[in-house]
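Here's the structure, in structure tokens; my notes come after.
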Amino acid sequence: MHIADGLLSPAVCVATGLFAAGAVGVSLRQLNQSLATRTVPLTGMMAALIFAGQMVNFPLLGANVSGHLLGGVLAAVILGPWAGCLALTVVLIVQCFVFADGGLTSLGANILNMGVVGSLGGYAVYATIRRRFAGSRGVIVASVIAAWVSVLAAAALFCLEFALSHPAGSFDLTTVCLLMTAYHSVIGVGEALITGLVLGVVLAQRPDLIHSPAPGAGLISNLGRAAWACVIVSLAVAIFLAPFASEHADGLEAVAAQTGLQQLAATPRVLVLPDYALAVPGTDASSGFWQRASVSVAGVVGTLIVLAIAATLSKWTQSRLASTEGANVS
């Protein structure tokens, strides 16, 4: 659901960028000491897992369309909504600047739609439903419903942004909205299943990793071991699953092709690893083996970059917390 340059007007890009920047700023401020002690070490590993997961497109049965994990609710349920928003933001920034996945001018809209709405909005839905169901069953039920809703909400927000970007009559907005809703209602099912399966494993193996808003909650045993396990899983997904992702266009790309929106899209920027592939000198790029190998390499590189940025953010946050604590003591 990454929006390319050209689909949204400059005014809408500026407005969504300001909203996204405000939400990310609030998320940073919300990482107080009790929250950061729990979530800062986990943010990097969740960002890496979501980055790798988003590389694996799954096909929609009966249509030449694919979808992929957004991960907003998954991140929020484990990290909490504020850190979840930051994790998605790191992923989207790396995808934009390194892989040209999503436009530069529309980066704010992508962060708003997938990071802010996905994590903050998705968690609000999750928390509301969670109050009605107790125990692990409640976590799964609430997260599955919230994950599905978050995908539809992101699709609906794009429709609103697109409608505000173009004068009435320039495009068939009704068809655009109907197709976005139809495709993403099915993609949301995939999002819900992946979110539920991952959280089911976490609840079975490490239920202490699930975020709790209760005061004083959040002490996690063997946190380093859990983080390293998630990093290894992320790299395994990037290496072994990403090369076999569906080649069908994702939901937004399919809608753009069917409604003529693709004529608005600017030519993708040629950056480090465009389209999640690495050109290997002296090899046939069209060869199935080398094409899959290049995707694996790109996935590993992207995962490591996400980890590096998240680690830097973690150190910065911990440094600020230490400074604040020292000032309070003195």
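With the working numbering, letter number 94 in the sequence shown gets 647, and the count goes up by one each step, no holes.
Every residue, glycine too, gets a C-beta built ideally from N, C-alpha and C.
{"Query": "Using a 10 Å radius around the Cβ and a threshold of 16 neighbouring Cβ atoms, would you call N610 buried or exposed?", "Result": "buried"}
{"Query": "Below 9 Å between beta carbons: does that hold for L713 and I556?", "Result": "no"}
{"Query": "Which residue's Cα is closest to the Cα of I631: G656, Y676, L665?", "Result": "Y676"}
{"Query": "If you follow the alpha helix (DSSP H) that G668 is part of, which residue opens it and which one closes it?", "Result": "It is not in any alpha helix (DSSP H) - G668 carries neither H nor E in the DSSP assignment."}
{"Query": "Taking the Cβ atom as the reference point for each residue, do G661 and D558 lie within a distance shorter than 9 Å?", "Result": "no"}
{"Query": "For T596, which option in E800, V784, Q844, G855 has the closest C-alpha, if you only look at C-alpha atoms?", "Result": "V784"}
{"Query": "Taking buried to mean at least 16 other C-beta atoms within 10 Å of its own C-beta, is N617 buried or exposed?", "Result": "exposed"}
{"Query": "Applying the 10 Å Cβ sphere with the 16-neighbour rule, what's the burial state of D725?", "Result": "exposed"}
{"Query": "So the beta strand (DSSP E) V618 belongs to, where does it begin and stop?", "Result": "618 to 620"}
{"Query": "Taking the C-alpha atoms as reference points, what is the distance between A807 and S872?", "Result": "45 Å"}
{"Query": "P563 lies in the alpha helix (DSSP H); which residues open and close that run?", "Result": "563 to 582"}
{"Query": "Tell me which residue opens and which closes the alpha helix (DSSP H) that S950 is part of.", "Result": "Outside the displayed span of the chain (554 to 883) sits residue 950, for which this structure offers no information."}
{"Query": "When the Cα of L518 is compared with those of H621, T569, L817, which residue comes out closest?", "Result": "Outside the modelled stretch of the chain, which goes from 554 to 883, sits residue 518, for which no answer is possible."}
{"Query": "Spell out the partners DSSP gives A802 in its beta bridges.", "Result": "V618"}
{"Query": "Compare the C-alpha of L756 against each of S689, G777, S787, S619 and name the closest.", "Result": "S689"}
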